[in-house]
Each structure stands twice: as C-alpha cells, then as structure tokens.
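In the numbering used here, the protein residues as written are 4 to 258.
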DNA sequence: ATGGCTTGAGTGTCAAGA
C-alpha cells in the first residue's frame with residue numbers, strides 16, 4: 004500500500020498535477036494540504052472519476068485538507084476534537100484498518116509572534132488528541148505538512164536557519180513529542196541521500212539551487228513502521244510548469 | 001538590504017506562506 008502527502012498550494016491550480024501524479028504513482032492514499040477550497044466547490048467528481056474516494060475539510064483562501072483513497076474511508080473526523088479552531092487543518096479517516104491522520108500544521112510566521120504561540124498551542128492539542136487516537140488505533144499514520152524541520156540535516160543552511168521559524172527548539176521539541184507517542188519518521192527508517200528536502204522557496208531559484216527544507220513528513224506507529232519498506236520525496240512534480248512549492252512524500256507499506 | 005515568487009481576493013494592492 005502506497006501512502007503519500009502533498010501540500011499542493013491551491014488544489015484549484017494543482018488538480019491536473021495531482022491527477023497526473025496519482026496515475027503515475029498509483030498511490031493508494033494521498034493526503035493533501037492547502038487545498039484553499041470551500042467544501043461546496045471541492046472537485047470531488049474529477050477525483051472520483053480517477054478512481055479515488057475523497058473526504059475533505061476546507062475553507063476559502065487558506066488552509067484546507069483532504070484524504071484521497073482507492074479504498075473505502077470510514078470514521079471520518081474533521082478538526083482536532085475539543086480544540087476550538089476555525090482554521091481547517093485536520094482530517095482523519097480509517098482505511099484498510101489504518102487510521103490516517105492528515106494535518107496542515109500552522110506555519111508560525113516568526114518565533115515569538117502570535118502565530119507562533121498559536122502553532123505551539125495547536126501542536127499541544129494535536130499531540131494530546133493523538134495520544135488517545137494511538138491507543139484506539141494501533142495502526143496509525145500521521146501525514147502532512149508539519150512546517151517543522153526536525154533536525155539540522157533537514158535544512159539546506161542550518162546556520163542561517165538556526166533558531167528561526169520551522170527550526171526553533173520548541174517546534175523541534177513538539178516534533179519529538181509526537182515521536183514519543185511511538186510515531187516514527189518513515190523517512191529516517193532508511194538510509195537516505197544527503198540534502199533531501201520537501202519544500203523549496205519559489206524565490207531566488209530555491210529549487211534549482213536545492214535550497215530547501217524537509218518539513219513534510221509521514222509518521223508511523225510501531226506496527227506500520229515494521230511494515231514500511233521505503234520512504235522518499237518525489238521531486239518530479241516540483242519541476243513542472245506552475246508547481247506547488249512542496250513535493251509529495253511517499254511511503255510504501257507491505258501487506 | 002527582511003527583498004526575492006505564488007496564490008487568492010478582487011480591480012488597489014495586500015496578506016500569507018515558509
């Protein structure tokens with residue numbers, strides 16, 4: 004089973020890329036972030052025509068998440084339960100016995116800002132909820148745009164990013180807090196090349212110079228980590244015309 | 001030099017992303 008995550012930075016603009024990528028990769032599950040679409044205009048018909056079922060949780064202009072699946076989705080949950088938040092950042096569903104949680108983590112803008120405080124609160128709420136979710140669902144996968152580079156090796160220029168947003172101590176501690184729930188970073192289960200990133204700034208030719216960060220992740224509970232046979236970033240869609248600034252991250256789970 | 005692109009909203013140009 005192939006599971007993946009991709010921040011598409013507007014599904015309206017990126018739908019052709021998404022459909023092409025699904026056809027190429029034959030992914031079973033794709034979690035999307037930054038769809039930026041209200042539910043009433045979500046392109047469900049086009050996605051279903053491609054052979055996928057879909058659940059979504061969106062809003063106008065900002066945020067918005069979705070889970071696309073070749074298999075049936077059940078027990079869909081939208082937003083973090085008991086956490087009051089108008090921003091549409093979370094959707095979860097059970098697929099083939101796997102609890103799939105799709106998250107678009109807050110950016111945080113700048114360390115010390117109001118948005119940074121919101122990011123840390125949000126991370127705490129997510130972690131508290133996932134502690135319960137992990138107990139209820141031994142097979143759990145957390146996929147999404149975490150907006151956290153977990154370690155210096157996930158950053159093209161660690162010195163320049165030292166202590167900055169996406170790399171600060173508190174954000175990395177929150178990432179470690181998710182790992183403490185038993186969730187493993189699928190990418191780091193395997194030997195990987197150096198300087199693999201999942202996001203590159205549109206400006207300054209960031210992609211061509213590989214000036215990026217690894218901030219999109221797939222975290223797996225212990226039984227799923229045992230089943231995981233590979234995890235990679237697919238840079239191909241980032242090379243297309245009008246790409247998202249993020250590339251998809253893909254993991255393979257043995258049956 | 002805190003810029004640089006891209007998107008959405010909306011028709012000026014700004015907010016937000018990371």
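Cβ atoms here follow ideal geometry from the backbone N, Cα and C, with glycine treated the same way. Given the structure is predicted, the values throughout are model-derived calculations rather than measurements.
Relative to the Cα of residue 202, the nearest Cα in the group 158, 104 and 112 belongs to 158.
Contact check between the region 148-158 and the region 175-185: three or more CB pairs, one atom from each, fall below 8 Å, which counts as touching. Under DSSP, the beta-bridge partners assigned to residue 107 are 148. The DSSP-derived three-state label of residue 62 is coil. Contact check between the region 188-197 and the region 104-124: fewer than three CB pairs, one atom from each, fall below 8 Å, which does not count as touching. The residues 31, 32, 55, 56 and 98, in chain order, have a CB closer than 7 Å to that of residue 72 in the same chain once the five nearest residues on each side in sequence are set aside. In this chain, residue 116 is not harboured by any alpha helix (DSSP H), its DSSP state being neither H nor E. The three-state reading of DSSP puts residue 163 in helix, counting H, G and I together. Within the same chain, and ignoring the five residues on either side of residue 113 in sequence, the residues whose Cβ sits closer than 6 Å to its Cβ are 168. Of the residues 70, 50 and 42, the one whose Cα lies closest to the Cα of residue 61 is 42. With 16 or more other Cβ atoms from the protein chains shown falling within 10 Å of its own Cβ, residue 8 counts as buried. In the DSSP annotation of this structure, the continuous segment of the beta strand (DSSP E) that includes residue 6 starts and ends at 5-10.
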